[in-house]
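Written below as structure tokens is the structure these notes are about.
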Amino acid sequence: MTSTLSQRIQQFYDASSGLWEQVWGEHMHHGYYGATGRLRPGGCQAQVDLIEELLAWGQVKSAQHILDVGCGIGGSSLYLADKFGSAATGITLSPVQAARGTARSQGLGLSDRTSFQVADALQMPFAEASFDLVWSLESGEHMPDKAQFLQECCRVLKPGGTLLLATWCHRRCPPDLSVSEQRLLAKIYRVYHLPAVISIEDYEALAAQLPLAGVTTADWSEAVAPFWEDVIASALNPAVLWQILRAGGPTLQGALALRLMAQGYRQGLIRYGLLRGTRV
Ligand SMILES: C[S@@+](CC[C@H](N)C(=O)[O-])C[C@H]1O[C@@H](n2cnc3c(N)ncnc32)[C@H](O)[C@@H]1O
Numbered sequence: 006m007t008s009t010l011s012q013r014i015q016q017f018y019d020a021s022s023g024l025w026e027q028v029w030g031e032h033m034h035h036g037y038y039g040a041t042g043r044l045r046p047g048g049c050q051a052q053v054d055l056i057e058e059l060l061a062w063g064q065v066k067s068a069q070h071i072l073d074v075g076c077g078i079g080g081s082s083l084y085l086a087d088k089f090g091s092a093a094t095g096i097t098l099s100p101v102q103a104a105r106g107t108a109r110s111q112g113l114g115l116s117d118r119t120s121f122q123v124a125d126a127l128q129m130p131f132a133e134a135s136f137d138l139v140w141s142l143e144s145g146e147h148m149p150d151k152a153q154f155l156q157e158c159c160r161v162l163k164p165g166g167t168l169l170l171a172t173w174c175h176r177r178c179p180p181d182l183s184v185s186e187q188r189l190l191a192k193i194y195r196v197y198h199l200p201a202v203i204s205i206e207d208y209e210a211l212a213a214q215l216p217l218a219g220v221t222t223a224d225w226s227e228a229v230a231p232f233w234e235d236v237i238a239s240a241l242n243p244a245v246l247w248q249i250l251r252a253g254g255p256t257l258q259g260a261l262a263l264r265l266m267a268q269g270y271r272q273g274l275i276r277y278g279l280l281r282g283t284r285v
């Protein structure tokens, strides 16, 4: 029986999120290593720095109710709710992640204003104009329909609210992707359960069709690429290696593919794209 993309994404995160949290903490996204990638803040500080840099770039200084689209185990939702004293709702395809986000929120005393649920970003169970910040940190690459994804993010935003996202992209086209570039992407797609990714220029063109003002994009590939060296180094720690081997399946495949991402960045094929806009 073949499973759908959503099921594969769910199974991947259900199976691997516990180990990720144990080794790398609550943030399941790249770190920020300075604008040219030369800083080495150490541990998970680079990931916290990415959140802060993203807020500064997106000119977000406050929020009342945040939607964290593709929330993982709630790393950003809880960080932002605590920072802004706001409410936050996180959605993920993984019941394991939603349960862990809920437990972490209780542990941090934030459960009165944060919640986590299983929901599809392409069909969100929220009314129009529900949130004043829609935040998506590295979930866009999983979306099989990027236009629908942006449309949904925009629909649930209040007028004046901000959409802020960071996502894995491929390089600007043209020139068209070469056969070897397509092969490398296909391997990355298979292991990380991604449909085809697009360029940040493509995202910008899609956003231009939506009721968003001040749409801005950026490419932070240089600033985030060292993340993969850090992850590879920590995966080589014997205790971690043993746990990855024990987990097997998709977790092991994900670990074996770490070098593919490092290679993609080195070649300039994988790009780290940012997009912000204000709901009209
Ligand atoms: C790489 S993790 C990022 C997690 C989190 N944003 C963070 O930075 O810690 C990708 C997340 O996107 C979620 N995701 C992927 N496709 C989704 C969809 N269609 N609807 C909702 N969540 C989705 C996954 O369940 C997972 O939580």
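Under this note's numbering, read the sequence shown as residues 6 to 285, first letter to last.
Backbone N, C-alpha and C fix where the C-beta goes; we use that ideal spot for every residue, glycine too.
Nearest neighbour of S144, chosen from G166, D137, L170 and L138 [CA to CA]: The residue given as residue 144 occupies position 139 in the sequence shown. It is L170 whose Cα lies nearest to the Cα of S144.
Touching by the beta-carbon criterion (3+ pairs, under 8 Å), the segment 130-150 and the segment 70-85: Under the Cβ criterion (8 Å, minimum of three pairs), the segment 130-150 counts as touching the segment 70-85.
Own chain, CB closer than 6 Å to A104, minus 5 neighbours either side, in chain order: Your numbering for residue 104 matches position 99 in the sequence shown. Nothing meets the Cβ criterion.
Enclosing beta strand (DSSP E) for A171 [first to last residue]: Counting from one through the sequence shown, the residue named residue 171 turns up at place 166. Unbroken beta strand (DSSP E) run through A171: L162 to H175.
Per-residue burial, C178 [other beta carbons within 10 Å of its own, 16 or more giving buried]: Mapped onto the sequence shown, residue 178 falls at position 173. By the 10 Å Cβ count, C178 comes out exposed.
The beta strand (DSSP E) enclosing Y277, as first and last residue numbers: Taking the sequence shown and counting its residues from 1, one reaches residue 277 at position 272. Bounds of the beta strand (DSSP E) holding Y277 are I275 to R284.
Closer than 7 Å: M33 CB and nearest ligand 1 heavy atom: Here residue 33 corresponds to residue number 28 of the sequence shown, with the count starting at 1. Flag set: Cβ of M33 near ligand 1.
Assumed close pair T256, S21 - CB separation to whole angstroms, cut-off 8 Å: Indexing the sequence shown from 1 puts residue 256 at position 251. Indexing the sequence shown from 1 puts residue 21 at position 16. 4 Å between Cβ atoms; contact.
Stretch pair the segment 87-105 + the segment 120-137: three plus CB contacts closer than 8 Å: Judged by Cβ distances under 8 Å, the segment 87-105 makes contact with the segment 120-137, as three or more pairs qualify.
beta-carbon Y194 near ligand 1 non-hydrogen atom, thresh 7 Å: Translated into positions along the sequence shown, residue 194 becomes position 189. No.
Three-state class that DSSP yields for D224 in the structure shown: For the purposes of this step, residue 224 is identified with residue 219 of the sequence shown, where counting begins at 1. Assigned with DSSP and collapsed to three states, D224 falls in strand.
Cβ shell of S239 (< 8 Å), same chain only, five flanking positions each side left out: Along the sequence shown, one-based indexing puts residue 239 at 234. Closer than 8 Å at Cβ, skipping near neighbours: V28, W29 and V245.
DSSP state of D117 mapped onto helix, strand, coil: Residue numbering aside, residue 117 sits at position 112 when the sequence shown is read from its first letter. Note: D117 maps to coil in three-state DSSP.
For S81 and H70, the rounded distance between their alpha carbons: Start at 1 with the first residue of the sequence shown, and residue 70 comes out as number 65. Start at 1 with the first residue of the sequence shown, and residue 81 comes out as number 76. Going from the Cα of H70 to the Cα of S81 covers about 13 Å.
D137, DSSP secondary structure in three states: In the sequence shown, the residue the question calls residue 137 occupies position 132. Three-state result, D137: strand.
Touching by the beta-carbon criterion (3+ pairs, under 8 Å), the segment 197-210 and the segment 228-239: When C-beta atoms of the segment 197-210 are compared with those of the segment 228-239, fewer than three pairs fall below 8 Å, so the two segments do not count as touching.
Y18 and Q102 closer than 8 Å at C-beta: Taking the first residue of the sequence shown as position 1, residue 18 is located at position 13. Taking the first residue of the sequence shown as position 1, residue 102 is located at position 97. Taking 8 Å as the cut-off, the beta carbon of Y18 is found closer than this to the beta carbon of Q102.
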